[in-house]
């Protein structure tokens, strides 16, 4: 039995959107999967009542408090013991669920995960892994915003964790890892990036392909791109709006009947982040997935599928083993 | 008379592409403008011979050497006294031309400009200003790759220089300046960005709108975005490929007849960097514009128009005055 915890109170339109995503996922998931909606029981059950539920596939776990989007993460996690995020993470820690997904306060999920689940050996701070759509397969970019001013050792950790995720969850064989830089040559970049290059180059356990530039990220040939959380966050947020911008251009400029064509539908689908279902929080001991506050139900549904896959392949155990091996090699 | 120097030997398909761009520009520019093609006379004249030339609007300035794309910038500029880049910059310095444009070795143009033209008061390193297409007016992002690890004082200099460029060349009234960061709040970001925020906030001469995120860059409401050259370079190169990626999606996915529609043509035009005609090198004493090595003739032509505009409005003098005022205020 795989049990996925979902923050029913997280996101701009909670609990309706998370509950809808959970119901849609439950309809497609095998019987061996169960979804645990964490939140204010009355509100969650009211939202659930609108649906014909698949028998015994969704449970409601009561959590009387919520953490708002604007609250200070650490303070909120410490102070609100009955919040949906805290309760969900504690159930993950205790083994009552196998994963936790939230579209709520990202900082609170990060702080709570680090605090309650703990970090793998050799990991100093968790990283957000973001999937960027490309013309072929998506590429995992990390860190996408959990950290700034990353040390070379941390960046090397991200490379290893990202490689395991790419292998386990994305199904990539011998995943290629690039280091984001402003030139391909070894001597390019600032001190931290140059030092990281040396660490990655000497790391026999990685399939390191060298420095990659902004223009390489979307080539579709990379599996993992490692970068500081500052650059990764700017790039992620930028890319998300590019898709909107592009959709806006199309809607403004092209003839309305063309917008309805099947080909155009496929283009919008590729560009739609909802397809990728949230960003894993990597480095923490457990499967934790962060979704945008604005995630539609489809994104929540897809995040549930991602979580199921991560649990099924034993992602957490594999990252633990990778980091333990890495620690020995270092 | 406005005289624009153009590196006839710069770019992947020189001298044919720069020469074609020059001819196309000369056909549209007023009679008060002259283009000086700098390069090996025989080769340039051969390329010119294919065209019906507008009378007396294009001159060839002989420069017997060329600097290759892979050459070390400073070494090449110092060693090749007769290279098209060196000759072009020296003529700009001496006042024989009013601007210089090159699609050749970017590092050599930067190093040569700093060395030969010199920097404005208060400027420690020149910055590359890149124009990013948005759904409305383009936004100037600087630095887009000339520097890494920028100091707060340098970033403030970029804000001032960018504001003058936005006013003079882009015609923006009271240009808005944002600081690229990973959150809107004052306390976000790394040390350099936080310090820069404080400097910009206290600067009465700027229309500083605060921190902006990756998702704000393309909103179309900003005139200038200030960032470290590392982030700016990654973002610029990334954005350039996004346009290609989208075009690729469209070509692969949508019905061929739709690709030919007038609306689709407009979309491709918005996304086409050639429309923006190169990136100004800002902070040097003189109008210097850098184009991609892969620039088509249309990009060269547009860079010539940008240069003419910059000369016409006295960009260099205005930046000098702004930086002098800034120096006093500091």
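Chains as they are written, first to last, in this note's numbering: chain A, 1 to 330; chain B, 1001 to 1330.
We put the beta carbon where it would ideally sit given N, CA and C, even for glycine.
- DSSP assignment within the stretch 1006-1042 of chain B yields the following whole alpha helix (DSSP H) runs of 4 residues or more, N-terminal first: 1016-1028.
- Taken atom to atom, the span from the alpha-carbon of residue 245 (chain A) to that of residue 1249 (chain B) is near 15 Å.
- Bridge partners of residue 62 (chain A) according to DSSP: A:39.
- Judged by beta-carbon spacing, residue 251 (chain A) lies within the 8 Å limit of residue 259 (chain A), meaning their Cβ atoms are closer than that value.
- Identification of residues in the stretch 113-134 of chain A having a C-beta nearer than 8 Å to some C-beta of chain B yields 134, given in sequence order.
- At least one CB atom of chain B sits nearer than 8 Å to the CB of residue 248 (chain A).
- Taking all protein chains in view, the Cβ of residue 1324 (chain B) is surrounded by fewer than 16 other Cβ atoms within 10 Å, so the residue is classified as exposed.
- Two segments are said to touch when three or more pairs of C-beta atoms, one from each, lie closer than 8 Å; by this definition the stretch 280-294 of chain A touches the stretch 122-132 of chain A.
- Annotated three-state conformation of residue 211 (chain A) is strand, per DSSP.
- Rounded to whole angstroms, the Cβ separation of residue 271 (chain A) and residue 299 (chain A) is 14 Å, and the two are not in contact under 8 Å.
- Excluding its 5 nearest sequence neighbours in each direction, residue 1269 (chain B) has C-beta neighbours in its own chain below 8 Å: 1275, listed in chain order.
- Among the residues facing chain B, residue 174 (chain A) is not included, as its CB has no counterpart in that chain under 8 Å away.
- Looking at the DSSP output, residue 1132 (chain B) bridges to B:1139.
- Listed along chain A are 215 and 218, each with a C-beta nearer than 7 Å to that of residue 1241 (chain B).
- Remark: C-beta atoms of residue 12 (chain A) and residue 38 (chain A) do not approach each other more closely than 8 Å.
- Closest option to residue 1005 (chain B), judged by alpha-carbon separation, among B:1085, B:1277, B:1054 and B:1155: B:1085.
- In the DSSP assignment, residue 99 (chain A) forms a beta bridge with A:4 and A:287.
- As DSSP reads the structure, residue 282 (chain A) sits in a beta bridge with A:127.
- Sequence-distant partners of residue 1303 (chain B) (beyond 5 residues in either direction) whose C-beta falls short of 6 Å from its own C-beta, in its chain, are 1101, 1277, 1278, 1289 and 1291.
- Taking a beta-carbon distance threshold of 8 Å, residue 272 (chain A) does not count as an interface residue toward chain B.
- Buried is the label assigned to residue 1295 (chain B), since at least 16 other Cβ atoms lie within 10 Å of its Cβ.
- Close partners of residue 235 (chain A) in chain B (Cβ separation under 8 Å): 1214, 1234, 1235 and 1238.
- Using a Cβ-Cβ cut-off of 8 Å, residue 245 (chain A) counts as an interface residue toward chain B, since at least one Cβ of chain B sits closer than that to its own.
- Using a Cβ distance threshold of 8 Å, residue 57 (chain A) and residue 26 (chain A) count as a contacting pair.
- In this structure residue 1235 (chain B) touches residue 214 (chain A) by the C-beta definition: roughly 6 Å separates them, less than 8 Å.
- Taking 7 Å as the upper bound on Cβ-Cβ separation, chain B lies near residues 180, 182, 189 and 190 of the stretch 161-191 of chain A.
- Sequence-distant partners of residue 10 (chain A) (beyond 5 residues in either direction) whose C-beta falls short of 6 Å from its own C-beta, in its chain, are 102, 103 and 104.
- By DSSP's assignment, residue 1177 (chain B) forms a beta bridge with B:1208 and B:1224.
- Under DSSP, the beta-bridge partners assigned to residue 1119 (chain B) are B:1284.
- At a cut-off of 8 Å, the C-beta of residue 83 (chain A) has no neighbouring C-beta in chain B.
- Between residue 1092 (chain B) and residue 1210 (chain B), the C-beta gap is not smaller than 8 Å, which leaves the two residues out of contact.
- Measuring C-alpha to C-alpha distances from residue 1218 (chain B) to each of A:217, A:223, A:237 and A:180 identifies A:237 as the nearest.
- Contact annotation: the stretch 1309-1319 of chain B does not touch the stretch 1141-1158 of chain B, with fewer than three C-beta pairs closer than 8 Å.
- Annotated as proximal: residue 193 (chain A) and residue 179 (chain A), with beta-carbon spacing under 8 Å.
- Shown here, residue 1113 (chain B) sits in a helix according to DSSP, grouped into three states.
- The beta-bridge partner set that DSSP reports for residue 1083 (chain B) consists of B:1065.
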